[in-house]
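>
In my numbering, the protein residues as written are 51 to 449.
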């Protein structure tokens, strides 16, 4: 039978999505016999994510017009339930989230599962990230998802070990490749492959500028989280691409902690958010063991500390909001969520245009880049789809 959505508005469809996850959270068991099967806590986590996005109400022109406190309260409650379940904890090392040997760890709330040597000719591998591998002999293709200079500079920290919210981009360490004079959050070297540094923690496998697709155009860096080493048991080269059976992490426990912190901050309880942000920062500080050269020295100069209101920061509501948003960028860098965070918060245009203004002086492919407020928050609906719908679909604002 045909399914019509003529009677449902955008907001009503969001509510139906939330209701589906709410029903799943009610019906699914806490534990499943098979690894990777969705369970009660995964459904609760997805429900929390839906409600978090719904909490920021938008106008017809994509502007954030307010905060729905009732939905944020439910986000807070759901996160509390997931935390109290005792099923999850942060992995001891940030690296473990991106190594196949630690798939389905205590930090994994929901992940896409893949397999190799499963009786099929080439396995059921993750080809979705194949284009992001470096273009060296071992991989061959294709150098996409290149970290920006802005992103690399974001990981800089001050003498106090805290992020540099407003000044991180004043000096471009990505251009100088000087990662010793300044200090950095260790998550930099879990996220970004830098020329001359170990790739994916292997001290004898050094990333080279020549591995980049077009370093003079896009920069000489690469994204590492989604990659595996060519000698990893999960890896398989399937020319012209490559794949692996490493899980694709969709929701991690650090998400839960930071969603709760975000809800608390927007509900007017910024001090209550501090412990949850600090759990994530403390784990980052402890995630240095694999970040070493062949000589055993740190790959970069690391210094990251937790927030101590009244000691190393003035924890105002605005500072708390800035700290939370910065933390999400550091924790989930290059995983594909930051743009959607910016749209949810209503700051996409100002953030993207500030980024373009400076970044276009560093890389040539952004010379004509700009973000149009009220339009570019969402892609246009293809005209053929509007025609197929007989005019039921209405074009997104500004297109």
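Glycine included, each C-beta is placed from N, C-alpha and C at the ideal position.
Can you say whether residue 27 is buried or exposed, counting buried as having 16 or more other CB atoms within 10 angstroms of its CB?
Outside the shown range of the chain (51 to 449) lies residue 27, about which nothing can therefore be said.
> Since residue 298 sits in a beta bridge, which residues does DSSP pair it with?
The count along the chain shown starts at 1 and reaches residue 298 at position 248. According to DSSP, which records beta bridges pairwise, residue 298 is partnered with 162.
> Does DSSP put residue 217 in a helix, a strand or coil?
Taking the first residue of the chain shown as 1, we reach residue 217 at position 167. Coil at residue 217, not helix or strand.
> Of the choices 89, 74 and 75, whose alpha-carbon is the least far from that of residue 81?
Working through the chain shown from its first residue, we reach residue 81 at position 31. Looking at the Cα atoms, 89 is the closest of the given residues.
> Return the first residue and the last residue of the beta strand (DSSP E) that residue 256 is part of.
On the chain shown, position 206 is the one that residue 256 refers to. Residue 256 -> beta strand (DSSP E) spans 252 to 256.
> Tell me whether the beta-carbon of residue 332 lies closer than 8 Å to the beta-carbon of residue 356.
Stepping through the chain shown from its first residue, residue 332 is reached at position 282. Stepping through the chain shown from its first residue, residue 356 is reached at position 306. Yes, these two residues count as a Cβ contact at 8 Å.
> Expressed to the nearest angstrom, what Euclidean distance is found between the alpha-carbon atoms of residue 66 and residue 297?
Start at 1 with the first residue of the chain shown, and residue 66 comes out as number 16. Start at 1 with the first residue of the chain shown, and residue 297 comes out as number 247. Spanning the two alpha carbons is a distance of roughly 29 Å.
> How far does the alpha helix (DSSP H) with residue 223 in it reach, from first residue to last?
Here residue 223 refers to the residue found at position 173 when the chain shown is read from its first residue. First-last of the alpha helix (DSSP H) with residue 223: 223 to 226.
> Cα separation between residue 386 and residue 393?
Stepping through the chain shown from its first residue, residue 386 is reached at position 336. Stepping through the chain shown from its first residue, residue 393 is reached at position 343. If I take the Cα positions, the gap works out to 13 Å.
> List the residues that DSSP assigns as beta-bridge partners of residue 292.
Counted from its first residue, the chain shown places residue 292 at position 242. Note: residue 292 sits in a beta bridge opposite 287.
> Who are the near neighbours of residue 270 in its chain, counting only those whose CB is closer than 6 Å to its CB and skipping five residues on each side?
The residue you call residue 270 lines up with position 220 of the chain shown. These residues qualify, in order along the chain: 245, 259 and 262.
> Go ahead and pull the three-state DSSP assignment for residue 155.
What you label residue 155 is simply residue 105 of the chain shown in a count that begins at 1. Three-state DSSP puts residue 155 in coil, outside helix and strand.
> Assuming residue 117 is part of the beta strand (DSSP E), what are its boundary residues?
By one-based count along the chain shown, residue 117 stands at place 67. Element bounds for residue 117: 114 to 117.
> When the Cα atoms are used, what is the spatial distance from residue 51 to residue 160?
Taking the chain shown and counting its residues from 1, the one referred to as residue 51 is at position 1. Taking the chain shown and counting its residues from 1, the one referred to as residue 160 is at position 110. Model confidence at residue 51 stands at a pLDDT of 46, short of 50, so the residue's coordinates are unreliable; what they give is reported in the following sentence. Answer to the nearest angstrom: the Cα atoms are 32 Å apart.
> In terms of residue numbering, what span does the alpha helix (DSSP H) encompassing residue 106 cover?
Along the chain shown, read from residue 1 onward, the residue named residue 106 stands at position 56. Here residue 106 belongs to no alpha helix (DSSP H); instead the beta strand (DSSP E) covers 106 to 108.
> Quick check: the Cα distance between residue 122 and residue 102, rounded to an integer number of angstroms?
On the chain shown, position 72 is the one that residue 122 refers to. On the chain shown, position 52 is the one that residue 102 refers to. Residue 122 and residue 102: Cα-Cα distance of roughly 6 Å.
> Would DSSP call residue 242 helix, strand or coil?
Numbered from its first residue, the chain shown carries residue 242 at position 192. Correct three-state label for residue 242: strand.
> Would residue 154 and residue 56 be called neighbours here (beta carbons separated by less than 8 Å)?
As a working mapping, residue 154 is identified with position 104 in the chain shown. As a working mapping, residue 56 is identified with position 6 in the chain shown. No, they are not a contact pair.
> For residue 208, which residues of its own chain have a beta-carbon under 6 Å away from its beta-carbon, when the five flanking residues on both sides are left out?
Working through the chain shown from its first residue, we reach residue 208 at position 158. Correct list, in chain order: 214.
> So, under 8 Å CB-CB, residue 337 and residue 432 are touching, yes? Tell me the CB distance rounded to an integer number of Å.
Taking the first residue of the chain shown as 1, we reach residue 337 at position 287. Taking the first residue of the chain shown as 1, we reach residue 432 at position 382. In fact, because the Cβ distance is near 43 Å, the residues do not count as touching under 8 Å.
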